[in-house]
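Data first, discussion second: the structure below is written as C-alpha cells.
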Amino acid sequence: MKKYCSLLLIAGGIFFITSCENTATDKAADKTTTDSAAAFDLGKAREWIESDNAKFMEEAKKGDSNALAAHYASDGWAMFNGSEPFKGRDIASAWGGAIRMGMKDIKVTTVDVVGNAELLAETGTYEMLGEGNKTIDKGKYVVVWKPEGGGWKIYRDIGNSNMPPKK
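The number in the numbering used here is simply the position in the sequence shown, starting from 1, with 56 added.
See the structure below:
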C-alpha cells in the first residue's frame, strides 16, 4: 500500500510540474501571437496590395505574362471561368492566353481587405479591356494573399464574370 501511495504521489507531482510547464509555454506562445498580431498593420497590408495591383496593371498593358505570373506565390493558383485551376508555370500560360485573345489592359479595383499577418483576403472588381478600350470582360474577384519572399504574393486568385455568356 505504501508503494502504491508513493507511486501515486510521484505521478501526481510529475503531472503537476508538467502542467505548470505547459501553461508557461502556452502563455509564451500566446504572447508571441499577440506581439505579432500587434505588429501587423492591415492598413499597410492594403497599401502593399494596391501598390502590387498597380504594378500588375502596368505589366498587363505591356503584355508581359511572365511578370504577371511573378505576382503569384510559388504554390499559387489562378481560377478563372470555364477552366481548371492554373498552377505554377501554367499561370504565365493562362495570362499569355488572355493577352493573345486580345487583352490590352486590365483595371483592378480593391473593394475590401481583411486578414492577419498570415493570410489576407482581398475582394474587388476588374475590367478587362481590348483594342480601343473595348470591354472584353468585367466582374468581381477574391484574392487570398500570403507572405512570401519578404512581401505578399497571390496564393489563390478566383474571378468570375458579370457579363452574360456568349451565344
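A virtual CB, placed ideally from N, CA and C, is assigned to each residue, including glycine.
Buried or exposed by the 16-neighbour rule on C-beta atoms within 10 Å, applied to residue 138: exposed
Nearest-angstrom Cβ-Cβ length linking residue 233 and residue 109, presumed shorter than 8 Å: As shown, the chain starts at 57 and ends at 223. That puts residue 233 outside it, with no answer to give.
Chain-order list of residues whose beta-carbon lies under 8 Å from that of residue 106 (same chain, five-residue window excluded): 166
Local conformation of residue 189 per DSSP, three classes: helix
The region 169–179 / the region 142–153 touching (three or more Cβ pairs under 8 Å): no
Extent of the continuous beta strand (DSSP E) run through residue 217: 207–217
Completely contained alpha helix (DSSP H) runs for the region 96–145, where each covers 4 or more residues: 98–118 and 121–125
Cβ-based neighbour list, residue 149, same chain, cut-off 8 Å, excluding 5 preceding and 5 following: 121 and 142
For residue 152, the three-state DSSP class (helix, strand or coil): helix
Delimiting residues of the beta strand (DSSP E) encompassing residue 222: Counting along the chain, residue 222 falls outside any beta strand (DSSP E), and DSSP gives it neither H nor E.
Range of the contiguous beta strand (DSSP E) that encloses residue 160: Residue 160 -> no beta strand (DSSP E), and no H or E assigned at all.
Counted within 10 angstroms of its Cβ, other Cβ atoms place residue 207 as buried (16 or more) or exposed: exposed
Own chain residues within Cβ distance below 8 Å of residue 174, not counting five before or after: 202 and 203
Through-space distance from residue 101 to residue 95, alpha-carbon basis: 12 Å
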